[in-house]
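Protein chains in written order, with our numbering: chain A, 559 to 1003; chain B, 724 to 933.
Think of the CB as a built atom: it goes at the ideal place given N, C-alpha and C, for glycine as much as any other residue.
Take a look at the structure below.
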Amino acid sequence: MEKNWEELSSDEKREALFNRWFSPPDVEFVSPEAEKSYKERVTRLKDAIELKKLPDRVPVFANVGFFPAAYSGMTPQDAMYDYDKLYTAWKKYVLDFEPDAHLGLGIPGSGRVLEILDYKLYSWPGHGVSPNYCYQYNEAEYMTADEYDAFLHDPSYFFNSTYLPRIFGALEPFKMLPNLTSILKIVFVTPTLIPFGFPEVQNAFKALLEAGSEALKWGGFVRGYDKEMTELGFPNILGGFTNVPFDVIGDTLRGTRGIMADMYRRPDKLLQALEVVTPLMIKLGVSIAKMHGNPIVFMPLHKGADGFMSDEQFRTFYWPTYRKLLMGLIDEGCVPLSFVEGGYNSRLEVIKDLPKGKAIWWFDKTDMGKAKEILGDVACISGNMPIDLLSVGTPQRIKDHAKKLIEIAGKGGGYIMMNGAVIDNAPPENLKAMIDATKEYGAYE
Amino acid sequence: MAGDLVSTLADLKEKEALKIVGDRLGAGEEPLKIMDDARRAMVIVGERFAEGEYFISDLAYSGEILKAINDVVKPKLAKKGEAQRLGKVIIGTVAGDIHDIGKDIVVFMLDINGFEVYDLGVDVPAEKFVDKIKESGAPVVGLSGFLTLAYDSMKETIEVFKDAGLRDKVKVMVGGGQITEEIREYTGADAYGKDAMVGVSLAKKWIGAV
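Right, here's the structure in full:
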């Protein structure tokens, strides 16, 4: 009899998730060739990650933000509002460029959902940003310095009654929501529910229901896309998604200036908040990965980059809970994929402290020779095709650079070719050059 | 005896620095002198950043401390300081991009180092830069951008300078998350600064204040 999930070791869990990714249920490949390509691609990625055997060649994947929109002659605004157009354009990109994996349809998100809720944390095409550009973050303190205690005391209630009303105009009345943990015995039920009768609160819930219906519609496109791309032979690289605890507090709640000052002014509160957030972030990544049947859990890294903080601050504030997150994911059979924006040259010695073959480091500007030397025996490294070269260089220069990256970072396996920063708008022939050059030069004997 | 404000503040000792400020104000000292010491401390902070001893976290925190000092001293300032300014610099995040953290650090460091800075904000259309150049006569313009969309936006902005006949009247520096020498060349800017202190050095060089 098969063991329960809880009884499996972390390696058995990982193998089970890899197997589900390799043989997804309820999929009918369009042809035997498509099935063969799909399985070759998953195997190629798995071999590069696990460092156990040499892949047949260096896998190649591109983080295309809104590139498929530009490639199909539409705007990011179209991609966020017209799900049919989104689907067609993103599919065309994968079929024309044939990368070893894709990112799914989820990154652009639904402009309609954001509009219904009057979202403030980001501006998006047509709402504070030109229709031609991608969404952008609005830097602010969404949690003030004196609110740490409220957050620490009950993060869920803080989100529901303080944070969400700030980032969604339509949910402002949630400020009046009671804490549902107050519903203890019969006499608590009716009084606790009174705020749900307020007309403003009911309108906020109506907006939430409307946004939910729209999200469900969008989700149908996202799921359908993954299924069709799988059937055509292309795996989605993303199993799950999460965030590093320091970036949760820094990006989402306190803002850059806020969290930087907190390291000096209220280090204990910050450290406590990081601990509170960590198990939530582990659970977030694991649950989505298990739902999708793919162990790879993506997280973008922001405020621990070279230059942003000292080595001591990195070791004190950024790394301890980040490592707990990585280990929590690894223990549950996941493969954390950390997208290291900026450089990480000064952090390599710190981050090598992980079990072998269980994580992927996706580098933007980090020195790949140094990364290979320090991390090469422990983890799969990827990325570093420079965004400036992809944006303004020539296909020949990109080919030459790809060859160099394969020689340095791809030596002995453990490397996935990827771009450094996200590609929103680059000449298609340049992206093609990166993918084709990897196929041409990346084969292992 | 009160400790030295310049070194205390440069070492980012917030509580001690604020105490010194309070003591000095209490002793009836000229507020302008206190602000001048604070400014000198910030110059040291910038130098330590340029030398790799300090990080963005330290710059951000120094800005927060300075704000706290300002809050105490400003109400006591009889008149605004007529500090000697090295020269004028215009700064803004280019059209389409709404990021301000990096730009704000450059503005802060230029200001501390004695420049008169015109901060045009974020998502700044080329024409707004042109108007400001004409109005202020500033010889240095800094274009900031965090996203790759800034590549074309910077290039287009500099082209508008050319069309307005201003290109040879200003030196243009570019900077931001994904800006490199490769992109400097693409945009037609005069120089690229990898961080705020390089921006200060460039401005000093161009204005002849080295």
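On the DSSP letters alone, give me the boundaries of the beta strand (DSSP E) that residue i sits inside.
i, result
"residue 941/A", "938-941"
"residue 769/B", "Not the beta strand (DSSP E): residue 769/B falls in the alpha helix (DSSP H), residues 754-773."
"residue 865/B", "863-867"
"residue 857/A", "854-859"
"residue 867/A", "First-last for residue 867/A: undefined, no H or E at that position."
"residue 894/B", "894-898"
"residue 681/A", "680-683"
Using the rule of at least 16 other Cβ atoms within 10 Å of the residue's Cβ for burial, across every protein chain shown, is residue i buried or exposed?
i, result
"residue 740/A", "exposed"
"residue 920/A", "buried"
"residue 581/A", "exposed"
"residue 1004/A", "With chain A covering only 559 through 1003, there is no way to say anything about residue 1004/A."
"residue 561/A", "exposed"
"residue 724/B", "Summary for residue 724/B: the model assigns pLDDT 43, below 50, so the residue's position carries little reliability, and this model does not support an answer."
"residue 975/A", "buried"
"residue 911/A", "exposed"
"residue 631/A", "exposed"
"residue 977/A", "buried"
"residue 927/A", "exposed"
"residue 576/A", "buried"
"residue 940/A", "buried"
"residue 563/A", "exposed"
"residue 747/A", "exposed"
Taking residue i as the reference, give the member of the options with the closest Cα.
i, options, result
"residue 765/B", "728/B, 748/B, 750/B, 895/B", "728/B"
"residue 667/A", "659/A, 652/A, 648/A", "648/A"
"residue 751/B", "739/B, 734/B, 733/B, 796/B", "796/B"
"residue 895/A", "937/A, 778/A, 931/A", "937/A"
"residue 661/A", "645/A, 676/A, 671/A", "645/A"
"residue 586/A", "731/A, 790/A, 703/A", "790/A"
"residue 874/A", "588/A, 981/A, 804/A, 672/A", "804/A"
"residue 605/A", "956/A, 753/A, 977/A, 917/A", "917/A"
"residue 669/A", "702/A, 635/A, 945/A", "635/A"
"residue 796/A", "827/A, 765/A, 905/A, 852/A", "852/A"
"residue 615/A", "640/A, 600/A, 624/A, 622/A", "600/A"
"residue 768/A", "573/A, 941/A, 756/A, 729/A", "729/A"
"residue 839/A", "714/A, 801/A, 945/A, 617/A", "801/A"
"residue 899/B", "926/B, 869/B, 927/B", "869/B"
"residue 982/A", "866/A, 681/A, 633/A", "633/A"
"residue 772/B", "926/B, 917/B, 930/B", "917/B"
"residue 818/B", "850/B, 834/B, 828/B, 800/B", "850/B"
In the DSSP assignment, what residue or residues form a beta bridge with residue i?
i, result
"residue 918/A", "895/A, 938/A"
"residue 563/A", "DSSP output for residue 563/A lists no bridge partner at all."
"residue 974/A", "940/A"
"residue 814/A", "In DSSP, residue 814/A forms no bridge with anything."
"residue 816/B", "867/B"
"residue 1001/A", "615/A"
"residue 839/B", "811/B"
"residue 822/B", "Answer by DSSP bridge pairing: none, since residue 822/B is not bridged."
What residue does the alpha helix (DSSP H) around residue i start on, and which one ends it?
i, result
"residue 874/B", "872-886"
"residue 714/A", "713-716"
"residue 845/A", "825-850"
"residue 671/A", "669-675"
"residue 959/A", "953-966"
"residue 880/A", "877-889"
"residue 705/A", "Element bounds for residue 705/A: n/a, residue is neither H nor E."
"residue 776/B", "Unbroken run through residue 776/B: none, as it is neither H nor E."
"residue 635/A", "634-639"
"residue 577/A", "568-580"
"residue 926/A", "926-933"
"residue 920/B", "919-930"
For chain E, is any of its Cβ atoms less than 8 Å away from the one on residue i?
i, result
"residue 881/B", "You won't find chain E in this structure, because its protein chains are A and B."
For this session: Can you give me, in chain order, the residues of the region 764-796 of chain B that have a beta carbon less than 7 Å from any beta carbon in chain A?
Result: 778, 779, 780, 783, 784, 787
Exercise. Closer than 8 Å, Cβ to any Cβ of chain B: which residues of the region 962-974 of chain A, in chain order?
Worked result: none
Exercise. Listed from N- to C-terminal order along the chain, which residues in the region 715-737 of chain A have their beta-carbon within a distance smaller than 8 Å of any beta-carbon of chain B?
Worked result: From the region 715-737 of chain A, no residue has a Cβ closer than 8 Å to chain B.
Exercise. What residues in the region 729-744 of chain B bring their beta carbon closer than 9 Å to a beta carbon of chain A?
Worked result: So the close ones are 735, 737.
Exercise. When you check each C-beta in the region 675-689 of chain A against every C-beta of chain B, which residues fall closer than 8 Å?
Worked result: When C-beta distances to chain B are compared with 8 Å, the residues of the region 675-689 of chain A below that value are 681, 686, 687, 688, in chain order.
Exercise. Taking Cβ-Cβ distances below 9 Å as the criterion, which residues of the region 810-837 of chain B are in contact with chain A?
Worked result: 818, 819, 820, 821, 822, 823, 824, 827
Problem set entry | Short-range partners of chain B found in the region 692-712 of chain A, where Cβ spacing is below 9 Å | 692, 694, 695, 696, 697
Exercise. Going along the region 976-1000 of chain A in order, which residues come within less than 9 Å of chain B, judged by CB to CB distance?
Worked result: 978, 979, 980, 981, 982, 983, 984
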